[in-house]
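Sequence lines, in order, name chains A and B. So for the first sequence, my numbering puts the first residue at 1; every next one is plus one. So for the second sequence, my numbering puts the first residue at 1001; every next one is plus one. One structure is given below, encoded as structure tokens.
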Amino acid sequence: MNNRKIRQHVMIPSDGAPKLAKEWFKEKIPDDLLVRFNPREIVHVHTYGGLSKFFKGLTEGALLGTKCWNCGGPEGNIWLPPRVHCPDCWRKMTWMTIDPTGAKIYSHSTTNLPGAGFKGTVPCPLISLEIPKVWTRPMSYLSKFAEDEPYIGMPVKPVFRRRNPTYTILDLAWVPVD
Amino acid sequence: MLTFGKGNLRVPKLSRNVYIVAAGMTDFRKFYPEKQTVELCLEAIRMAVMDGLGMEPKKFLEEPNYCVHSQFADHFGDQLLAAAKVHDYAGFDPLGNIEVKTGGATGGSAAQAAIMAVASGVASCVPVIGWERMDEVSTRQGNSYIASAACKDFEYELGRSYTTYYGLPMQRYIHENKPLRETLAKIAQKNHHYARFSPYSQSPKDYTIEEILNSQIVSDPLTFPECCVMSTGAASVIIADEETAFRFTDKPVRVLGMGAGSHTLRTADRRNMPILLLPSETPEMYKDWPERDWPGFISFLAARFAAWQAYNMAGIHNPIRELDLLETHDAFTVSDIITYEDIGLRPYGRGAEFIESGEAYLESDLPSERKLPTNLSGGLIGSMHSVGATGIFQIAEIFWQIRNEWEKFHADEKYWNKYGKTKPKDFKSLQVPNATRGMAISHAGTGSHVTALILERGW
């Protein structure tokens, strides 16, 4: 009687994709070794939390930083990248709009071989910036450049990706002042 | 913090003597399909026990009472809690264990965790195993994974590569300190050269300076031979208390000093502060410095803080005179020259002199007290950067040097044959004559974590 039970099957459907690597890093894989492809596509969601204001600001053409009135004096001491809390007193800092007048390139490195998934075209000059009243040296990129650019001390101004924003730090770029 | 309180500047001390008694490693390769991670790890600890201590593994397994495991990125190995597999595979259950993670400094931090366990009396014999399996993904994906150890909100999307994150400090370093470009290339030349005499190395080669400077630029100004390799492999050391150490060997290597420092993950966030002076330095040396940024882009506060602790603990004033060899974390030529200054081999701004003077070279004609041969292992540029193994690999090389065993573990054809390699016809010994003290610097990110470990002859 038991032999007549209806039993379901567990199936592993074939996706038709190649399963075994024949070579990797330009090396042929010996026949006695099994080296299996292990592809994946995963979506995370990432919150900007208290920094949402900054990334939203970029899409509206505003460069925002934070400042601790508990620790910092009246002049300067602006954080960019901003932080919600001051690392010196752990109090909440105050948001303020940064005036980029006088911003200069502090350092630069033009990449030809970025890591996988980099969104920009290459060569892409990555830059660190020196901005009046900002005591950090934020990293960004120079989206327009001539052959002899960038250079240290080069005056630059920010541009914002207001149409089709990426909602990442790539929504902010810098261009020559002239 | 921008200013230090008295509590921050306490000098570390160990509650009892701690020793390294054995070391082992695999060779390091770009692609290692022949062995799974657990196999590599077992081979590294087996070498320490069998070739180092001359003990049967079964007998050794009666000794440990704690273990420390060292792996940088779960992304690469694609196995969360990989340490549990390694621990089990090597037969260490049910001993307590931890897996340490501090980026590129993981190996140095793991060794320090084991030292602390022994110094406290909690443990008496602690195997430390480090590894990284970096060959499951393409090199570009590997760079992207490593770059996810930079700030994902404000740095990662800007290049997704640490070569860029070091290209930025390099341009600034060249701008401020004006070293010859060739001097930086010489660091790469030296380390690729020393790697030729290691059966474990991944990127041995004799380059001319022109070849290095004319190679493809990854992110300017860094060229390919100036960047560390991406490796798969494992390394191990065994840490013990005095009683255990002398039962295992007549020549244990003692921990003389150690330090650990940190700094902002984002290079951008490094605010100016007064220079933390090493025992050998005076404020007069930097009297013109208020005009300049410190630490800025051209020094690592984390390395300075780690060296400050280690030198003060070990009583070292003049590292070149008082140390016999050094292993630095030469991820890029520029990070190496900066480290020379952070650890006081030269005052800030003058790191190039350490290379140009010949002090960094074993072969130089300088008297031994004026030399500090650096990265005779081949370092990260020439030999390996299998991240979780790296800091342990450095300690292993120093351990062998201090025991006068460099030749035993590098010159013996047995090891070259084991890895299917041919020992070079012009092979030379890189044993530092009468080496008694060495230091290892383990380093993460653009200086987010740095450890310094000073070892000396313990017998």
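Note that CB positions come from ideal geometry on N, CA and C, so glycine has one too.
Residue i at chain B interface by Cβ criterion, 8 Å
i: threonine 168 of chain A; result: yes
i: alanine 146 of chain A; result: no
i: proline 100 of chain A; result: no
i: asparagine 3 of chain A; result: no
i: leucine 126 of chain A; result: yes
i: histidine 108 of chain A; result: yes
i: asparagine 187 of chain A; result: The first residue shown for chain A is 1 and the last is 178, placing residue 187 of chain A beyond what the model contains.
Cutoff 8 Å: residue i Cβ touching any chain A Cβ
i: asparagine 1143 of chain B; result: yes
i: leucine 1168 of chain B; result: yes
i: lysine 1078 of chain B; result: Position check: residue 1078 of chain B holds aspartate in this sequence, whereas lysine was assumed. Cβ-Cβ to chain A under 8 Å: yes for aspartate 1078 of chain B.
i: threonine 1164 of chain B; result: yes
i: aspartate 1220 of chain B; result: yes
i: glutamine 1112 of chain B; result: no
i: arginine 1292 of chain B; result: no
i: alanine 1268 of chain B; result: yes
Contacts that residue i makes with chain B (C-beta to C-beta distance below 9 Å)
i: serine 52 of chain A; result: Within 9 Å Cβ-Cβ: nothing; serine 52 of chain A doesn't reach chain B, min ~11 Å.
Per-residue DSSP class, three states only, for residue i
i: serine 140 of chain A; result: strand
i: leucine 1213 of chain B; result: helix
i: serine 1144 of chain B; result: helix
i: serine 1442 of chain B; result: strand
i: alanine 1245 of chain B; result: helix
i: valine 1387 of chain B; result: helix
i: valine 45 of chain A; result: coil
i: cysteine 1227 of chain B; result: strand
i: leucine 1014 of chain B; result: coil
i: histidine 85 of chain A; result: strand
i: asparagine 1097 of chain B; result: strand
i: proline 1319 of chain B; result: helix
i: threonine 97 of chain A; result: strand
i: tyrosine 1194 of chain B; result: helix
i: leucine 20 of chain A; result: strand
i: threonine 1374 of chain B; result: strand
i: threonine 1183 of chain B; result: helix
i: leucine 34 of chain A; result: coil
i: histidine 9 of chain A; result: coil
i: lysine 67 of chain A; result: strand
Alpha-carbon to alpha-carbon, residue j and residue i
i: histidine 1075 of chain B; j: arginine 1140 of chain B; result: 14 Å
i: glutamate 1063 of chain B; j: asparagine 1312 of chain B; result: 33 Å
i: arginine 1321 of chain B; j: threonine 1446 of chain B; result: 28 Å
i: histidine 1192 of chain B; j: proline 1225 of chain B; result: 8 Å
i: glutamate 23 of chain A; j: glycine 115 of chain A; result: 21 Å
i: glycine 1091 of chain B; j: isoleucine 1129 of chain B; result: 13 Å
i: asparagine 1097 of chain B; j: histidine 1443 of chain B; result: 23 Å
i: methionine 1170 of chain B; j: alanine 1149 of chain B; result: 20 Å
i: aspartate 171 of chain A; j: leucine 126 of chain A; result: 14 Å
i: glycine 1298 of chain B; j: leucine 1095 of chain B; result: Checking the sequence shown, residue 1298 of chain B turns out to be isoleucine, not glycine. Near 43 Å, if we compare the C-alpha coordinates of leucine 1095 of chain B and isoleucine 1298 of chain B.
i: arginine 1403 of chain B; j: glycine 1077 of chain B; result: 34 Å
i: leucine 235 of chain A; j: lysine 1418 of chain B; result: Limits of chain A in this structure are 1 at one end and 178 at the other, which puts residue 235 of chain A out of reach.
i: isoleucine 1454 of chain B; j: alanine 1310 of chain B; result: 7 Å
i: proline 132 of chain A; j: serine 143 of chain A; result: 21 Å
i: isoleucine 1514 of chain B; j: glycine 1005 of chain B; result: What the structure shows of chain B is the stretch from 1001 to 1459, and residue 1514 of chain B is not part of that stretch, so it cannot be assessed.
Interface partners of residue i on chain A, CB under 7 Å
i: histidine 1175 of chain B; result: Ile152
i: isoleucine 1217 of chain B; result: Asn112
i: glutamate 1034 of chain B; result: Leu33
i: lysine 1030 of chain B; result: Phe25
i: arginine 1140 of chain B; result: Gly115 and Ala116
i: glutamate 1157 of chain B; result: Lys119, Thr168, Ile169 and Leu170
i: arginine 1181 of chain B; result: Correct list: empty, because the minimum Cβ distance to chain A is about 15 Å.
i: arginine 1133 of chain B; result: Result: empty, since nearest Cβ-Cβ is about 12 Å, beyond 7 Å.
i: alanine 1147 of chain B; result: Gly115
Beta-carbon neighbours of residue i, restricted to chain B and to distances below 7 Å
i: glycine 117 of chain A; result: Ser1144 and Arg1160
Beta-carbon neighbours of residue i, restricted to chain B and to distances below 8 Å
i: tryptophan 135 of chain A; result: Arg1271 and Asn1272
i: isoleucine 29 of chain A; result: Pro1033
Interface partners of residue i on chain A, CB under 8 Å
i: phenylalanine 1154 of chain B; result: Pro81, Pro138, Met139 and Ile169
i: phenylalanine 1297 of chain B; result: Tyr106, Ser107, Ser128 and Arg137
i: arginine 1172 of chain B; result: Tyr106, Ser107, Ser128 and Ile152
3-residue-minimum beta strand (DSSP E) runs that sit fully inside the stretch 100-139 of chain A, ordered along the chain: 104-111 and 124-130
In chain order, each beta strand (DSSP E) run of at least 3 residues that lies wholly inside the stretch 1301-1368 of chain B: 1325-1327
In chain order, each beta strand (DSSP E) run of at least 3 residues that lies wholly inside the stretch 1056-1111 of chain B: 1067-1070 and 1097-1100
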